[in-house]
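Reviewing the structure listed below.
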Amino acid sequence: MSETVVVTGASGHVGAALVRALLAERATVRALVRSDVRALEGLDVERIKVDVTDRGAVMDALRGAEVVYHAAARVTLESEHDPAAERTNIEGTRNVLEGCRAHGVRRLVHFSTVHVLGDGAELVAEHPGAPYERSKAGAEREVQRAVKEGLDAVVVSPCAVIGPYDHKPSHMGKVLLMLAKGWLPATVAGGQSWVDVRDIAASSIAAAKKGEKGARYLLAGHWLPMREFATLASRAARVSPPRFSVPISLAKRFAPLAERASRWLGQEPLFTRASMDSLESRPRTPCERAAAVLGHAPRATEATLEDTFRWFEDAGVLKARRPS
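The sequence shown: position 31 = 45 (our numbering), numbered continuously.
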């Protein structure tokens, strides 16, 4: 009989790719979701609706698990205080850690983010004005504490995630759809290390099998300036690329206005000071450790973008592109 693995946040972008990769390895998957189950339709998994902030529900859901992948998180680009991020990312992680200890889980794979790290490889003390990074740093500290107390856990820290199975969609998925529909007239200076969600899933499974207890593995992709990334994305979407590139300094001046406008319209902001800060951080992310231990080998960004837009077409959220 295959081992039972639990995936929290199974309906999210990373979770959806991870569930598919685990099923391909014939694992018995228990998928924990809050409400939206579109990402799991047609998949042979056990679905349990669980809010990770509900301690009792988490304890019940982890019973009998051998490996737990904790991917549930409140991802936000808000620059101001976000209590929901603190609850989900820190309290939720505490509940998962407690459940793993109580039920003798063999290994926990915790999903963090490269943005919790400073210029070196250590957690930064504070992230003023960045609730997501601050809360994820707090969650990772909880994992480190649990490891010192005996829990077998590893941490994987992806960079900027793109790729198929983006049902909700993610923040970056929304940006790519805006570009494909001609709603993105300009890009912003700066850049990111872009990593395919399927490569994250594969390396996370490898971390469960081969990772060193207590280790952190940076899952980087290919660093590209935003303008070059937008050009590649436009080519994959069969549209003209944005014509302008806005300096980061100017973008930051207008970000608070855009953030307030999004809230006034009842939308989650995409263009914020926090998102601009992320474009200035970590121009290169070393992933030699993940490559050596986990076999992490990110595919070409062009291939990821092509697959992403094809998936959006197949999912019915994007019209068929022009022939290439």
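Think of the CB as a built atom: it goes at the ideal place given N, C-alpha and C, for glycine as much as any other residue. Nothing here was measured: the structure is a model prediction, and the numbers come from that model.
Would residue 325 and residue 179 qualify as a contact pair, given that the criterion is a beta-carbon distance under 8 Å?
Yes; because the gap between Cβ atoms is below 8 Å, this pair is in contact.
Between the beta-carbon of residue 220 and the beta-carbon of residue 308, is there less than 8 Å?
The answer is yes: Cβ separation under 8 Å.
Same chain, Cβ closer than 6 Å to residue 327, five either side skipped, listed in chain order:
Once the five neighbours on either side are set aside, the close Cβ partners of residue 327 are 334.
Beta-carbon gap between residue 250 and residue 91 smaller than 8 Å:
Cβ atoms of residue 250 and residue 91: not closer than 8 Å.
For a test of the three-state rule: what should DSSP assign to residue 205, helix, strand or coil?
Strand.
contact_flag[the segment 156-170, the segment 111-128] where n(CB pairs < 8 Å) is 3 or more
The segment 156-170, when compared against the segment 111-128, does touch it at the 8 Å Cβ threshold.
Output needed for residue 244: all residues of its chain with C-beta closer than 7 Å, excluding positions within five of it in sequence on either side, in chain order.
A distance below 7 Å between beta-carbons, with the five flanking residues on each side excluded, links residue 244 to the following residues of its chain, in chain order: 193, 201, 255 and 256.
Can you tell me whether DSSP reads residue 315 as helix, strand or coil?
Note: residue 315 maps to helix in three-state DSSP.
Please report the distance separating the alpha-carbon of residue 80 from that of residue 330.
So the alpha carbons of these two residues sit roughly 37 Å apart.
Taking 8 Å as the threshold (C-beta atoms), are residue 336 and residue 252 in contact?
Yes, they are a contact pair.
Relative to the alpha-carbon of residue 27, which residue among 210, 72 and 197 has its alpha-carbon at the smallest distance?
Looking at 210, 72 and 197, the one whose alpha-carbon comes closest to that of residue 27 is 210.
Three-state secondary structure (DSSP) at residue 47?
Residue 47 carries a strand assignment under DSSP once its states are collapsed to helix, strand and coil.
For residue 233, which of 189, 294, 306 and 186 has the nearest alpha-carbon?
Out of 189, 294, 306 and 186, 306 has the C-alpha closest to the C-alpha of residue 233.
By Cβ distance, which residues of its chain are closer than 6 Å to residue 50, with the 5 residues on each side in sequence left out?
Once the five neighbours on either side are set aside, the close Cβ partners of residue 50 are 25.
Counting along the chain, where does the beta strand (DSSP E) carrying residue 83 start and finish?
Secondary structure note for residue 83: its beta strand (DSSP E) is the uninterrupted segment 81-84.
Could you pull the DSSP bridge partners for residue 18 from this structure?
Partner(s): 42.
Tell me whether the beta-carbon of residue 18 lies closer than 8 Å to the beta-carbon of residue 46.
If you check the CB distance, residue 18 and residue 46 do not come in under 8 Å.
Identify, in the order they occur along the chain, each residue of the same chain with its Cβ nearer than 8 Å to the Cβ of residue 70, setting aside the five sequence neighbours on each side.
There are no such residues.
Can you give me the C-alpha to C-alpha distance between residue 40 and residue 213, rounded to a whole angstrom?
C-alpha separation (whole angstroms): 18 Å.
Determine the direct distance from the alpha carbon of residue 190 to that of residue 77, and round the result to whole angstroms.
If I take the Cα positions, the gap works out to 39 Å.
So the candidates are 279, 290 and 278; which of them puts its Cα closest to the Cα of residue 347?
As shown, the chain starts at 15 and ends at 338. That puts residue 347 outside it, with no answer to give.
Can you tell me whether residue 258 is helix, strand or coil according to DSSP?
Note: residue 258 maps to strand in three-state DSSP.
Is any heavy atom of the ligand SAH found at a distance shorter than 7 Å from the C-beta of residue 126?
Of ligands this structure carries none, so the ligand SAH is not represented either.
Determine the contact status of residue 246 and residue 293, defining contact as a CB-CB distance below 8 Å.
Cβ distance not < 8 Å, so residue 246 and residue 293 don't count as in contact.
Rounded to the nearest angstrom, what separates residue 57 and residue 217 at their Cα positions?
In a straight line, the C-alpha of residue 57 is about 21 Å away from that of residue 217.
Taking DSSP as the reference, what is the three-state secondary structure of residue 198?
In the structure shown, residue 198 falls within a coil segment according to DSSP collapsed to helix, strand and coil.
Measure the alpha-carbon distance for residue 102 versus residue 87 and round it to whole angstroms.
Approximately 6 Å between the Cα atoms of the pair.
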